[in-house]
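Take a look at the structure below.
There are 2 protein chains.
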Amino acid sequence: MSGKKVDRLIKVSFEPEAVEKETSIGPTVLEVAQRAKVDIYSPCGGQGLCGRCLVHVDGDFERLAPPPPHLDRELGYVLACKSRPTGDVTVTVPPGSRTDAAQILEESREGLVELSPIVRKVYMELSEPTVSDNLCDLMRIARHLGLGLAELRAPLPVLRGISETLRNADWKVTGTASLGPKPHRLIRLEPGDTSGRQYGVALDIGTTTVVGKLISLQDGSNITSAARENAQIPFGEDVIARINHANENEDGLEQLMLAVRGTIDEIIQELVDESGVDRDDIIAASIAGNTVMEHLYLGVSPSTIRLEPYVSTFCRLAGLKPMEVDMPIFPQTNILVMPSRAGFVGGDITADVLACGMHKRDEIALMIDVGTNGEVVLGNKEWLMACSCSAGPAFEGGEVLHGMRASRGAIERVHFVDGSPEYQIIGDAKPVGICGSGLIDLAAEMFFNEIIDRGGNIIADTDPRVTLFDTLFEDAYGKGYILADEEESGTGEPVFIMESEIKNLIRTKAAMYAACSVLVNQAGITFDDLDRIYISGGFGRYLDSRKSRMLGLLPDVEEWKYEFIGNGSLEGARLALLSNVARSESHAIFENMTYIELSVSAAFMDEFTSAMFIPHTDLERFPSVQEALQSKEADPPGPRGKVD
Amino acid sequence: MSGKKVDRLIKVSFEPEAVEKETSIGPTVLEVAQRAKVDIYSPCGGQGLCGRCLVHVDGDFERLAPPPPHLDRELGYVLACKSRPTGDVTVTVPPGSRTDAAQILEESREGLVELSPIVRKVYMELSEPTVSDNLCDLMRIARHLGLGLAELRAPLPVLRGISETLRNADWKVTGTASLGPKPHRLIRLEPGDTSGRQYGVALDIGTTTVVGKLISLQDGSNITSAARENAQIPFGEDVIARINHANENEDGLEQLMLAVRGTIDEIIQELVDESGVDRDDIIAASIAGNTVMEHLYLGVSPSTIRLEPYVSTFCRLAGLKPMEVDMPIFPQTNILVMPSRAGFVGGDITADVLACGMHKRDEIALMIDVGTNGEVVLGNKEWLMACSCSAGPAFEGGEVLHGMRASRGAIERVHFVDGSPEYQIIGDAKPVGICGSGLIDLAAEMFFNEIIDRGGNIIADTDPRVTLFDTLFEDAYGKGYILADEEESGTGEPVFIMESEIKNLIRTKAAMYAACSVLVNQAGITFDDLDRIYISGGFGRYLDSRKSRMLGLLPDVEEWKYEFIGNGSLEGARLALLSNVARSESHAIFENMTYIELSVSAAFMDEFTSAMFIPHTDLERFPSVQEALQSKEADPPGPRGKVD
């Protein structure tokens, strides 16, 4: 009875693939694309919810739903999943609507990282404008990038060249664009395809050491790294000394600013030399440092950080350009500065948290950054608490006569065998001093071998079991213990430690431990409730967690709960450089982290006082130490002597 | 049986008012404030919906609802309407939570304008940081301004001075901040209260004339205005000539850029001289111009605008700084550039629409900007369509031998009394030429008095009724009509018009009328459906709508539907400078406006051809003209001659 139904076939062409697909009228653009195996990103599965499958359709089609409000009307963008071709159409799929725009970078600690660097290069083959598609040049680029048309800005010098570059290059160009936090900016337009040449540099500005890493922004791979001592060191070992230098000298701030910028210059020079990468192809940078380092790098006075209530001028900084800080990379790009939570909980700590991922898990973790200052963060994905204590330079070899940074000739490990010390030295060298990890080992071993008592007093001379008095001495400065004599030493002088230095070390470890205790108490939990303890900091890598617990520096929990994450600050800066998700997370960390000021905390003073013993006033808190001491009682150490 | 209930009274102190109010536990902070007559803005009526009643509460209180997600947690901001004091508290109300933050400025065409300039000064008395309120300096300012803590940026030079300025000024400072579109920026911090000194300049960059207006940002009042001829004129009368100059001369673009910047310099100099205002207190600027003018001002080549498909390099520009364009005002501030919809529908048209308010009404209106180019916009709050036609310089006196701009000595009005012309001259001067409005009057009167026919041909010499041949002549260049002879004229030469010039004028008016017709047809309506016709443009002010209809330039609708809005471009720029709402609207206008390209429109060519008669080929479209001609038939004009 009814006439024979004739399905009219229409042709859907996809650009830039130049793939054609015949279809009857009915399926959406997205459905046709899927059949034609043309890649369009549609994480919501074509429900019109996610707004990611934006395409430009030329020809007759009908909209199955009104366009999402954020799309500019009348300017040619539609959702592929809500548009049905009704005649022959050409569908242009911009790069932003590709699955590979969300390409998987690599496994980081926290699983997969989406590659979405803060600034990137995108090769574009743009359609030429016509009377029916007469967007201005800048919006044409915005559309191609999958952005809202009004969402792309270009600084004047770039704007001035766009029109000519596009036409001279026959509309095949590479844009360098910051597409992360708005406003999106087009900061360079080059003819042809230069997208293979795009790099970023992540920098950790430590008080002692500055480390840089050159990273490919094309695939996220590490190209090379470089490290330098912070050239500010001659002006002061720790942040307090640096602040004082900035305050007390007319050019002090300027000197410190130029010093660290010089260090960064050298690092970038080395990265460039090592890799052969052009500076102009380093199109992004990220920086993590403690609050004082970040202030000094920018030339902002850190003086208010030193005095109660320890506030900084800024915590968060956006839109920094390399030319403002003379960083020798592509000048129009953005430098990401990791946000700092407080005067003594800086961008390095935000980066640490980002790197260890404790902010994303249900389980509660503790993160300890052991450096010139000690910072501790406790929490999980629901909440974060942070505090800092002045660890002082003890852990980095300062304040100790023969202390030194972890460099060639430093004793980095000490282990007593049958009561006498064996040590491990950095580099193929004779010992010239003791670095932080060596110091902790030494003090722990001296305690375990009863050369010092729980208060850090050298007791060996009164103890009949220790007979080798040639390793002990007493002079006008007090008692001392010789670790390497004149002949072993690389300096011709013995390497020794004074009793007063051990007591200093105990003060430092007590502050660290007390900081951890206060946070844990404040959260109403115990150390045993912790799922994991992350140790960050360059120095953390060399820490012996068993000896650290013996000394009472680290909480006495199961060995397997400790995880050394290395330079978490650099790793966090790297993640933030590469990933939009990581950048959002770093802001969330910053916003969610409650800062606890210990300097006015009575609880901290109590904890600190209790921790001024080895390992602690309350031995019950260190059951593994207690056990080791007890088993030793049963099996006292034999006669000791240096082992070659 | 039950014990006597004792209501515990608590004390709520409001800062900075220093108002105290005793209350029992129960009411919210907002309710207590209302009783204490402390002003807190709460447009949603305390339902926790609008998020505007942010306050800082020191003391014991409970939250009745979780904080809105955009608020930074743990940092002390709460909604007054969802916080209930449970003990003595101090409530600090930041300026952003005041009703007067939404203070009413003035009645504009469109009712009330909220005073929220793109950049403004805010005097602040900040609370000093304490250990329990240890925000960094920048965030302390952000909080005081009622912003999200992470939402305020400061450029490095400002950041470097914040800490010292705050402390030296005892925390009483004036911030200059751009608080409109994000990112919010603090661009200056001065000690003490300088908020009485804040000004902005709105600029209309016309092809012929540049006008500037100095405005108080404290109360929105107009301080003074200044106008100058665009110094680009010697390089070409209209935009096409300017584009050609830029293209054909090596320094052409630079010359044009410097010329218009020079004109703006002079205008700002005059504004400053007239008002005594300090340049550094001009902290904001807005600019409206056609697309070519905006390109040239920025030094961006407009060359692509001249050729099909007439695209520009940019349509929208954000974040422009005075130093980038050498505008002599406070250098760190923002210049707002009105967005342009297409190569020939510029920021001036967006401003026109904003000024007349057609984008906010249900009724359909037509807006005609009559200038060197003619632009027409049709629509209402649901939709907008725009097109442009090359009116040519005819309306501004160009292309006519004795044509001139509307300046001293120009004949601006012509009226025939008993068949002979009376004219009105600008300034107390003898006539030296005819400006646009005079030309339209003259042509209309010549037609009505049958000196020219409907095709613009001078017919008087063949018409026995016109006998005064001394006003007509014919030479090698064709026929002409003398309006003022040697003796009347200010130049010693007669002021006359050639037949060819009248035909040129008809072409121009035909293009304008055809543009209006195409839009109206495209919308499926007629001119009679229009609620209102707005005429914008400096020249529009002097237009005689009756004579314009006689000529067939403007649609023949009721006189009362015409509204002359004067310089809509400048008014739109002024509104956008002052009001956040107006700025949002200007973006919405830009986004919603469909551009119709007439140069490729067959419908336009048809309409244009039909309109090449006076008033039109189809007299039915001009019933009032038809009626006037008929009533004249019944009462023919008498003998004519010049009336003194």
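Residue numbers (our numbering), protein chains in the order written: chain L, 1 to 644; chain S, 1 to 644.
Backbone N, C-alpha and C fix where the C-beta goes; we use that ideal spot for every residue, glycine too.
All values derive from a computational prediction rather than experimental measurement.
- Within the segment 274-306 of chain L, the residues whose Cβ lies closer than 8 Å to any Cβ of chain S are, in chain order, L298, G299, V300, S301, S303, T304.
- The beta-carbon distance between H359 (chain S) and I589 (chain S), rounded to whole angstroms, is 5 Å. This is short enough to meet the 8 Å contact definition.
- Cβ contact annotation for A36 (chain S) (same chain, cutoff 7 Å, sequence separation greater than five): F14, V19, K21, in chain order.
- DSSP places F613 (chain S) outside both helix and strand once states are collapsed to three, so it counts as coil.
- In the same chain as E499 (chain L), and ignoring 5 residues on each side of it, the C-beta atoms closer than 6 Å to its own belong to I458, G478, K479, in chain order.
- For L317 (chain S), the closest of S:P339, S:S301, S:G299 by C-alpha to C-alpha distance is S:P339.
- Against chain S, the CB of P129 (chain L) has a partner CB under 8 Å away; the residue lies at that interface.
- I162 (chain L) and L189 (chain L) do touch by the CB rule: their CB atoms are close to 6 Å apart, below 8 Å.
- The residue from S:A484, S:P157, S:E308, S:D238 with its alpha-carbon nearest to that of T130 (chain L) is S:E308.
- The beta strand (DSSP E) runs of length 3 or more contained entirely in the segment 542-586 of chain S are, from start to end of the chain, 562-566.
- In this structure, the alpha-carbon of S178 (chain L) lies about 13 Å from that of F330 (chain L).
- Around P328 (chain L), no beta-carbon contact reaches into chain S at under 7 Å, the shortest distance being about 17 Å.
- Contact of N134 (chain L) with chain S is assigned, a C-beta pair being separated by under 8 Å.
- Beta-bridge pairing by DSSP links R185 (chain S) to S:R153, S:S178.
- With a 10 Å radius around the Cβ and a threshold of 16 neighbouring Cβ atoms, T609 (chain L) comes out exposed.
- Pairing Y77 (chain L) with R143 (chain L) gives a Cβ-Cβ distance under 8 Å.
- Nearest in C-alpha terms to L186 (chain S), of all of S:S216, S:V119, S:E266, S:T209, is S:V119.
- Under the Cβ distance rule, A246 (chain L) does not count among the residues neighbouring chain S, no pair being separated by less than 8 Å.
- Listed along chain S, no residue sits closer than 8 Å to R143 (chain L) by beta-carbon distance, the nearest being about 12 Å off.
- Residues of the segment 312-328 of chain S whose Cβ lies closer than 7 Å to any Cβ of chain L, in chain order: S312, T313, F314, C315, R316, A318, G319, E324.
- In the structure shown, the three-state DSSP call for H295 (chain L) is helix.
- Taken through DSSP and simplified to helix, strand or coil, K11 (chain L) comes out as strand.
- L145 (chain S) and L126 (chain S) have their alpha carbons spaced roughly 10 Å apart.
- Counting C-beta pairs closer than 8 Å gives three or more between the segment 426-442 of chain L and the segment 480-493 of chain L, which meets the contact rule.
- Distance between A444 (chain S) and E607 (chain S), taken at the CA atoms: about 20 Å.
- With a contact defined as Cβ atoms closer than 8 Å, D204 (chain S) and N567 (chain S) qualify at about 6 Å.
- Looking at the backbone, the Cα of L530 (chain L) and that of V201 (chain L) are separated by about 34 Å.
- What D137 (chain S) touches in chain L, judged by beta-carbon distance under 8 Å, is T304, V311, S312, T313, F314, going in chain order.
- Close to V600 (chain L), with beta-carbon spacing below 9 Å, are these residues of chain S in chain order: V131, S132.
- Bounds of the beta strand (DSSP E) holding T594 (chain L) are 593-595.
- The Cβ of L147 (chain S) sits no closer than 8 Å to any Cβ of chain L.
- By the rule that beta-carbons nearer than 8 Å mark a contact, R84 (chain L) does not touch chain S.
- Take the alpha-carbon of Y481 (chain S) and the one of R454 (chain S): they are about 16 Å apart.
- Using a 10 angstroms sphere on the CB of A355 (chain S), the tally of other CB atoms reaches 16 or more, which defines it as buried.
- If you ignore the 5 residues before and after I525 (chain L), its C-beta comes within less than 7 Å of the C-beta of I364, all in its own chain and listed in chain order.
- With a beta-carbon spacing of about 5 Å, D441 (chain S) and K547 (chain S) fall inside the 8 Å limit used to define contacts.
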